[in-house]
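Anchor point for the sequence shown: position 105 equals 260 in the numbering used here, and the numbering is continuous, going up by one each time.
All C-beta atoms in this analysis are idealised placements derived from N, C-alpha and C, irrespective of residue type, glycine included.
Note that the structure is a prediction, hence the values are computed from the model and not measured.
Input: a single structure, listed below in structure tokens.
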Amino acid sequence: MPPAKRLDVEIDGRRLSLSNLDKLMYPAAGFTKGHVIDYYTRVAPALLPHLRGRPITLKRYPDGVEGPHFYEKQCPSHRPEWVRTARVDSSRSRSGSIDFCVVDDLATLVWLANLADLELHTSLARAEGYGSPTILAFDLDPGPPATVVECARVALELRDIFEHLGVQAFAKTSGSKGMQVYVPLNTPTTYEETSGFARALAQLLERRHPDLVLSEMTRAKRAGKVFVDWSQNSRHKTTVSVYSLRALAEPTVSTPLSWDEVEAASDPDELVFRAPDVLERVAEHRDLFAGVVELEQRLPEAV
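What follows is the structure, encoded as structure tokens:
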């Protein structure tokens with residue numbers, strides 16, 4: 156997208172006025188708001204299936220990644236009338252409910268990018284059926300000197316356990332320092348069931364690999380280990396969406412991986428993907444995370 160300060164566009168019959176397109180969102184990389192909008196527009200065919208129907212928490216950086224940011228659960232009141240919202244009961248809101256934005260189409264995605272919503276954080280459940288997660292998720296967080304390479308080792312352990320249980324799992328980078336493993340369910344379940352299962356599995360991994368895995372968030376024990384965060388499986392939490400940008404010095408992206416790539420991981424830098432890299436990967440491999448939306452699996456009864 157050529158540098159410009161303002162641009163009026165029409166997307167699927169919906170008019171948007173895009174502003175400050177030449178503002179640097181990632182100053183160290185020379186990556187502007189125009190580049191952010193361009194990335195999300197081009198990756199949308201792969202990204203949108205993972206956003207549709209899900210409440211989304213905005214993480215906005217009005218002055219770029221070097222400036223202050225804020226989270227926004229309540230969909231902004233100045234939204235266009237065509238932006239869909241979903242009302243969700245919430246004991247954590249003064250009003251007792253939150254009207255989340257729902258990103259069902261390209262126009263809404265571009266509107267959010269224009270608000271400098273660099274990161275897209277979604278619920279593990281859809282708005283309809285908010286108490287029933289469609290995904291079992293594990294967030295693998297390395298404690299230095301451990302890196303994403305150690306996370307890859309833990310991800311492979313998770314994959315092997317789920318293969319033994321007859322269930323397929325998918326891996327992605329967090330776009331930051333760690334990795335995430337998703338197990339698509341898309342069948343009826345509850346957070347009580349997924350959370351309990353995830354915690355039991357994290358504890359099993361810690362017993363098997365005490366020098367590598369930590370199942371509880373104990374900072375004093377984190378050095379050199381991978382914290383398997385099972386607590387992401389909660390209706391009150393969100394996880395960064397696949398294909399989302401991350402607000403770091405470079406425009407890195409939470410990127411789906413093949414299991415061959417996870418097995419081959421030996422250098423942390425090889426598992427860092429920036430926006431242009433991801434567009435090339437999608438063009439070559441399509442959506443490596445498509446199964447997370449499409450595959451129907453039942454939560455195993457026991458680890």
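Cβ neighbours of residue i in the same chain (closer than 6 Å, five flanking residues each side left out)
i: Leu-206; result: Val-258
i: Trp-237; result: Arg-169
i: Pro-411; result: Lys-327, Val-397, Leu-443, Phe-444
i: Val-191; result: Met-180, Ala-268
i: Gly-330; result: Arg-401, Thr-407, Val-408, Ser-409
i: Lys-307; result: In the sequence as displayed, the identity of residue 307 is Ala instead of Lys. Taken in chain order, the residues that qualify are Val-417, Ala-420.
i: Ala-378; result: Gly-298
i: Leu-202; result: Tyr-398
i: Pro-158; result: Low confidence applies to Pro-158: its pLDDT is 48, below 50, so where it sits in the model is not reliable, and the reading given next is rough at best. Closer than 6 Å at the Cβ level, and outside the excluded window around Pro-158, lie Asp-177.
Supposed close pair residue i, residue j - CB separation, criterion 8 Å
i: Pro-200; j: Val-448; result: No, Pro-200 and Val-448 are not in contact; Cβ-Cβ is about 13 Å, not under 8 Å.
i: Pro-210; j: Ser-287; result: Not quite, the Cβ-Cβ distance comes to about 13 Å (not below 8 Å), so this is no contact.
i: Phe-382; j: Leu-369; result: 5 Å
i: Gln-323; j: Leu-450; result: 6 Å
Test item: CB-CB of residue i and residue j under 8 Å
i: Leu-162; j: Leu-176; result: yes
i: Val-243; j: Tyr-285; result: yes
i: Asp-240; j: Asp-254; result: According to the sequence provided, residue 240 is Thr. The question's Asp does not apply to it. Yes, these two residues count as a Cβ contact at 8 Å.
i: Met-334; j: Leu-295; result: yes
i: Arg-390; j: Ala-280; result: yes
i: Thr-342; j: Arg-453; result: yes
i: Thr-393; j: Thr-212; result: yes
i: Val-304; j: Pro-423; result: yes
Option nearest residue i by Cα separation, candidates the options
i: Arg-314; options: Pro-423, Arg-234, Ala-292; result: Ala-292
i: Leu-356; options: His-224, Glu-456, Arg-242; result: Glu-456
i: Pro-223; options: Gln-229, Lys-214, Pro-231; result: Lys-214
i: Trp-266; options: Ser-174, Gly-219, Glu-361; result: Ser-174
i: Leu-434; options: His-233, Val-198, Ala-404; result: Val-198
i: Cys-256; options: Asp-422, Arg-249, Ser-250, Pro-235; result: Pro-235
i: Ile-166; options: Ala-183, Pro-182, Thr-196, Ala-184; result: Thr-196
i: Leu-273; options: Arg-249, Val-395, Leu-320, Glu-312; result: Val-395
Residue i at chain D interface by Cβ criterion, 8 Å
i: Phe-225; result: The structure shown contains no chain D, having only a single protein chain.
Own chain partners of residue i with C-beta closer than 7 Å, once the 5 adjacent residues on each side are dropped
i: Asp-366; result: none
i: Gln-464; result: Absent from the model: residue 464. The displayed extent of the chain is 156 to 458, so no value can be given.
i: Ser-413; result: Leu-443
(request) List in chain order: all unbroken alpha helix (DSSP H) runs of 4+ residues lying wholly within the stretch 417 to 448. (result) 430 to 440
(request) Starting from the N-terminal side, write out each stretch of the beta strand (DSSP E) that is 3 residues or longer and does not extend beyond the stretch 173 to 258. (result) List check, beta strand (DSSP E) in window: 179 to 181, 210 to 215, 225 to 227, 239 to 244, 252 to 257.
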